[in-house]
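Heads up: the structure comes next, in structure tokens.
Numbering (the numbering used here), first residue to last: 2 to 359.
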């Protein structure tokens, strides 16, 4: 499909947004300013990708033309550049397609990630720690940042549960695929007969909610300070600064103890509460037209088994797209791109079909 006409429409919109951001009154409306600046960034990025794509296509055509030359050195140079140009064109074309899709408002946002031990007792808590390390390494590789919000260590060195905040560019766009049940199959260190055990943990990835999304009224909140629980650890503050917040209308509770002060834990706890309420709001809205949606990717369903980590076979299988990698060591070391790229490709194909842009 020729996207040139769609790009021209985006160029026209970009010019309009360029004028909007010069309006001194823009930043008096926080929500409008945030949305406008995000749209400006997206449009600028799309136009730059399109221009690079056009340049690469022209260079590829030129190099193919040079293959007809009599000069062997020129022909050899052209042949060397062609594979690289073809690979870059394929990637840029995919990126342009994705950028042209109707935008999910949450994709640009930071994310809150909750990891909890499920079935399997101590073994599950140990795997929570390993998945936490996996995410920390993945985050570092993308140039994002991690902030620990809350954790409950287990007696064996893992975590019963842990909550982190990930900040950076388009965090939720990439992290959303991690929501669901992660299953691990391996021989625990305490197993004397060499039997393989199966344990599970759950991961919930929530887009960070802004104050303009969810208004937290003082009369709807019960906030109390308590002593931090658990056996301590590198992220746990063992003073009386732990804060527990209850949202009275919904009954939702959050606890935050990893901040350096009661004030910080209160603010972090409110962030978590706002994200949870926003998640519930979005889920309710999505269910209204779920018949028209495909929920294979990024559904956020915490009961859905999404992935199996099989240590004896060095295998990681993502059940949503029937994709298997035999690089379990690399994946647990933070190399999630292999999984994320395939999940994103599947989602893009579905969204392109739904939008009629195939």
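C-beta: ideal position from N, C-alpha, C; glycine also.
The model shown is predicted, which means the values in this text are computed figures rather than measured ones.
Original post:
Between the stretch 315-322 and the stretch 63-73, are three or more C-beta pairs nearer than 8 Å?
Top reply: No, the stretch 315-322 is not in contact with the stretch 63-73.
Original post:
What are the complete beta strand (DSSP E) segments, minimum 3 residues, inside the stretch 130-190?
Top reply: Counting whole runs of 3 or more residues, the stretch 130-190 contains the beta strand (DSSP E) stretches 146-154, 160-168, 181-187.
Subject >> Same chain only: Cβ atoms within 7 Å of residue 291, ignoring 5 sequence neighbours per side >> reply: Note on residue 291: pLDDT 45, under 50, position unreliable in the model; the coordinate value appears next. The answer is none, since no qualifying residue turns up.
**OP:** Would you list, in sequence order, the uninterrupted beta strand (DSSP E) runs of no fewer than 3 residues that lie entirely inside the stretch 71-125?
**Re:** Annotation: the stretch 71-125 contains the following complete segments of the beta strand (DSSP E) (minimum length 3 residues), in chain order: 112-118.
Original post:
Touch check for the stretch 41-56 and the stretch 9-18: three-plus C-beta pairs under 8 Å?
Top reply: Yes, the stretch 41-56 is in contact with the stretch 9-18.
Original post:
What is the DSSP secondary structure of residue 282, reduced to helix, strand or coil?
Top reply: Note: residue 282 maps to helix in three-state DSSP.
**OP:** Reducing DSSP to helix, strand and coil, say where residue 306 ends up.
**Re:** Note: residue 306 maps to strand in three-state DSSP.
**OP:** Please report the Cβ distance between residue 172 and residue 147, rounded to the nearest whole angstrom; I am assuming they are in contact, meaning their Cβ atoms lie under 8 Å.
**Re:** Not confirmed; about 10 Å, so no contact.
**OP:** Report whether the distance from the Cβ of residue 154 to the nearest heavy atom of the ligand ATP is below 8 Å.
**Re:** With respect to small molecules bound, the structure shown includes none, and the ligand ATP cannot be examined in it.
Subject >> CB contact flag (residue 343, residue 329, <9 Å) >> reply: Remark: C-beta atoms of residue 343 and residue 329 do not approach each other more closely than 9 Å.
**OP:** May I have the straight-line CA-CA distance separating residue 19 from residue 25, to the nearest angstrom?
**Re:** Cα atoms of residue 19 and residue 25: separation of roughly 13 Å, rounded to the nearest angstrom.
**OP:** Alpha carbon to alpha carbon, how far is residue 261 from residue 246? Give it in angstroms, no decimals.
**Re:** C-alpha separation (whole angstroms): 17 Å.
Original post:
Which residues bound the alpha helix (DSSP H) around residue 6?
Top reply: First-last of the alpha helix (DSSP H) with residue 6: 5-21.
Original post:
Could you give the distance in angstroms between the alpha-carbon of residue 1 and the alpha-carbon of residue 275?
Top reply: Residue numbering for the chain in the displayed model covers 2 to 359; residue 1 lies beyond these limits and cannot be assessed.
Subject >> Which of helix, strand or coil DSSP assigns to residue 353 >> reply: Secondary structure of residue 353 (DSSP, three-state): helix.
Subject >> Residue range of the unbroken alpha helix (DSSP H) whose run includes residue 62 >> reply: Segment 31-67, the alpha helix (DSSP H) holding residue 62.
Subject >> residue 154, buried or exposed, once every other Cβ within 10 Å from all chains shown has been counted against 16 >> reply: Classification of residue 154: buried, given that the 10 Å Cβ count is 16 or more.
**OP:** Check residue 319 in the structure and name its three-state DSSP category.
**Re:** Reduced to three states, the DSSP call for residue 319 is strand.
**OP:** For the beta strand (DSSP E) holding residue 246, just list the boundary residues, first then last.
**Re:** Looking at the DSSP string, the run of the beta strand (DSSP E) that includes residue 246 is 243-248.
Original post:
According to the Cβ coordinates, are residue 197 and residue 187 closer than 9 Å?
Top reply: Contact: yes.
Original post:
Using the C-alpha atoms, what's the distance from residue 163 back to residue 116?
Top reply: Taking the straight line joining both Cα atoms gives about 5 Å.
**OP:** Note down, in chain order, each residue of its chain lying with its Cβ closer than 7 Å to the Cβ of residue 54, except the 5 sequence neighbours on either side.
**Re:** Answer for residue 54: 90, 93, 94, 97, listed in chain order.
**OP:** Could you tell me which residues DSSP puts in a beta bridge with residue 277?
**Re:** Residue pairing of residue 277 in beta bridges, as defined by DSSP: absent, with no partner found.
Subject >> Identity of the residue in 207, 268, 178, 216 nearest residue 338 by Cα >> reply: When only C-alpha atoms are compared, the closest one is 178.
Original post:
Roughly how many angstroms separate the alpha carbons of residue 58 and residue 137, rounded to a whole number?
Top reply: About 38 Å.
**OP:** For residue 218, count neighbouring Cβ atoms within 10 angstroms of its own Cβ and tell me buried if that reaches 16, exposed if not.
**Re:** By the C-beta density criterion, residue 218 is exposed, having fewer than 16 other C-beta atoms within 10 angstroms.
**OP:** Grab the span of the beta strand (DSSP E) containing residue 253 for me, first residue to last.
**Re:** DSSP places residue 253 inside the beta strand (DSSP E), whose first and last residues are 253-257.
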